[in-house]
Each structure stands twice: as structure tokens, then as C-alpha cells.
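Numbering (the numbering used here), first residue to last: 19 to 223. The structure appears right after this line, and notes come after that.
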Ligand code: FE
């Protein structure tokens with residue numbers, strides 16, 4: 019951890035939130051990636067549904083940022099012509115972990131694993147997936163095996179991970195209007211400040 023971070027988490031959070039805002043306004047956010055909505059709209063829809071449903075702040079923020087790996091790291095951008103998985107979930111989790119609590123990072127990092135878990139444990143789940151999601155599932159290893167399911171079922175943040183997965187699947191509607199990203203950024207900032215201050219306090223103790 020650098021000295022600046024120890025002395026002023028506030029300025030790190032400010033820079034983080036400014037970076038997020040820029041990513042939502044970037045060219046990548048305007049791409050479609052095989053779905054009927056842009057990347058930005060897809061993530062905003064998930065966050066808007068989460069907020070409307072009264073879900074926890076961590077789930078709203080995780081839904082908002084779950085595909086940020088596609089934007090933060092352009093190599094991770096999915097295409098229906100892909101022949102290999104681009105592990106955008108790892109890129110997103112790596113980008114977010116210094117700023118946000120583990121539950122948010124887990125929802126991002128395990129978004130593919132939970133899809134594979136649900137395909138293995140709920141036979142009707144496959145029917146709610148979009149064509150792009152079914153295509154990427156093949157590249158991601160298909161439904162999880164029995165051993166993987168047993169391990170995944172013990173994930174400490176499983177409930178939030180499942181909620182964000184369902185929000186991900188629901189955020190692909192052409193007809194849905196959402197608030198702009200600026201509506202959600204104060205919540206991101208609040209969570210990041212709490213998290214970074216708690217990390218700083220733990221280091222001091
Ligand atoms: Fe998504």
C-alpha cells in the first residue's frame with residue numbers, strides 16, 4: 019500500500035469514481051457484444067432493477083459494475099465469433115478489489131462460475147439465458163460438474179452472487195429506461211470510502 023493511500027483514501031476514491039464514469043462514457047460502453055442493449059445500458063438496467071427491488075447497496079453496485087472488465091480491459095471484449103473465453107470477470111475483479119468490499123468483488127469474479135453452477139443445478143435456468151450467454155457458456159466450460167457444484171454451494175457470498183447473476187440476465191431489455199450512471203456513483207463512492215477506511219483502520223491496528 020502506498021503512503022498516499024494510507025493518508026487519504028478520499029482522493030483514491032475520487033479517482034476511482036472518475037475512472038468509472040469515463041469507462042461508462044467510453045466507446046466500449048456503447049458496444050452491443052451480442053445482446054440487444056449496449057454494455058452501459060446492460061449494467062445500468064441490472065443496477066436499476068436492484069435498486070427498485072430494495073436490494074442491498076453492495077448488490078446494486080455489483081450489478082452496476084459486473085461487466086466493467088469488458089470496458090477496463092478492451093482485450094476482454096466478447097464477440098460472437100470468439101473461439102476462447104476472455105475471462106472478463108477476472109479483469110473486472112482485479113480492477114475493483116482495491117476499492118470495494120469482498121462481497122462486490124466476489125459477485126463480479128464469480129459471475130461465470132455461478133452461471134455454470136445454475137446450469138448444473140436448475141434445469142430451467144438455461145432457458146432464461148440469451149443466445150450470447152449460451153454461446154459464451156460453451157467457451158467457459160459448460161455446466162459445472164458435481165464436485166464443482168459441491169464446492170461452489172459453500173461460497174460465503176452465494177446469496178449476493180446469485181442475485182447479481184439474475185440481475186445480469188434481466189438487464190438485456192431494449193425497452194427499459196434507466197437513470198444515468200451519475201445516479202449510482204454516489205453509492206459507489208460511499209461504499210468505496212467505507213471499505214478503504216476499514217482497510218486502513220485494520221492496517222493501523
Ligand atoms: Fe453481463
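The C-beta atom is built at its ideal place from N, Cα and C for all residues, glycine as well. In this text the structure is predicted, and so the values were computed from the model without any measurement.
8 Å contact criterion, which residue i and residue j should meet: CB distance rounded
i, j, result
"residue 122", "residue 167", "Rounded, the Cβ-Cβ distance is 24 Å, inconsistent with contact."
"residue 186", "residue 84", "6 Å"
beta-carbon residue i near the ligand FE non-hydrogen atom, thresh 7 Å
i, result
"residue 102", "no"
"residue 213", "no"
"residue 201", "no"
"residue 149", "no"
"residue 108", "no"
"residue 59", "no"
"residue 124", "no"
"residue 30", "no"
"residue 208", "no"
"residue 85", "yes"
"residue 142", "no"
"residue 99", "no"
"residue 26", "no"
"residue 186", "yes"
Straight-line Cα distance separating residue j from residue i
i, j, result
"residue 77", "residue 181", "7 Å"
"residue 132", "residue 99", "23 Å"
"residue 189", "residue 145", "16 Å"
"residue 73", "residue 102", "34 Å"
"residue 222", "residue 26", "14 Å"
"residue 90", "residue 47", "10 Å"
"residue 33", "residue 57", "22 Å"
"residue 28", "residue 196", "28 Å"
"residue 87", "residue 152", "19 Å"
"residue 108", "residue 82", "16 Å"
"residue 41", "residue 218", "27 Å"
"residue 129", "residue 63", "16 Å"
"residue 125", "residue 179", "5 Å"
"residue 226", "residue 114", "Lying outside 19 to 223, the shown extent of the chain, residue 226 is not represented and no answer is given."
"residue 215", "residue 110", "22 Å"
"residue 11", "residue 59", "Absent from the model: residue 11. The displayed extent of the chain is 19 to 223, so no value can be given."
"residue 160", "residue 52", "19 Å"
"residue 127", "residue 61", "15 Å"
"residue 112", "residue 203", "19 Å"
"residue 141", "residue 184", "15 Å"
Residues near residue i by beta carbon distance below 8 Å, same chain, minus five either side
i, result
"residue 75", "205, 208 and 209"
"residue 44", "89"
Contact set for residue i: own chain, Cβ-Cβ below 7 Å, skip 5 residues either direction
i, result
"residue 54", "190 and 192"
"residue 135", "162, 167 and 170"
"residue 143", "136 and 137"
"residue 139", "167"
"residue 9", "Given that the chain is displayed from residue 19 to residue 223, the structure contains no residue 9 and the question cannot be resolved."
"residue 194", "63"
Other residues of its chain near residue i: CB distance less than 6 Å, five sequence neighbours each side excluded
i, result
"residue 105", "none"
"residue 19", "Because residue 19 carries a pLDDT of 43, less than 50, the predicted location of this residue cannot be relied on, and the following value inherits that uncertainty. Nothing listed; no residue qualifies."
"residue 149", "none"
"residue 220", "none"
"residue 198", "none"
"residue 69", "78"
**Request:** Check whether the region 118-134 touches the region 163-180, counting contact only when three or more Cβ pairs, one atom from each stretch, lie closer than 8 Å.
**Result:** By the C-beta criterion, the region 118-134 is judged to be in contact with the region 163-180, since at least 3 inter-stretch pairs fall below 8 Å.
**Prompt:** Are the region 152-165 and the region 26-45 touching by the rule of at least three beta carbon pairs closer than 8 Å?
**Reply:** No, they do not touch.
**Item:** Stretch pair the region 138-156 + the region 202-214: three plus CB contacts closer than 8 Å
**Value:** Flag = no, the region 138-156 and the region 202-214 do not touch.
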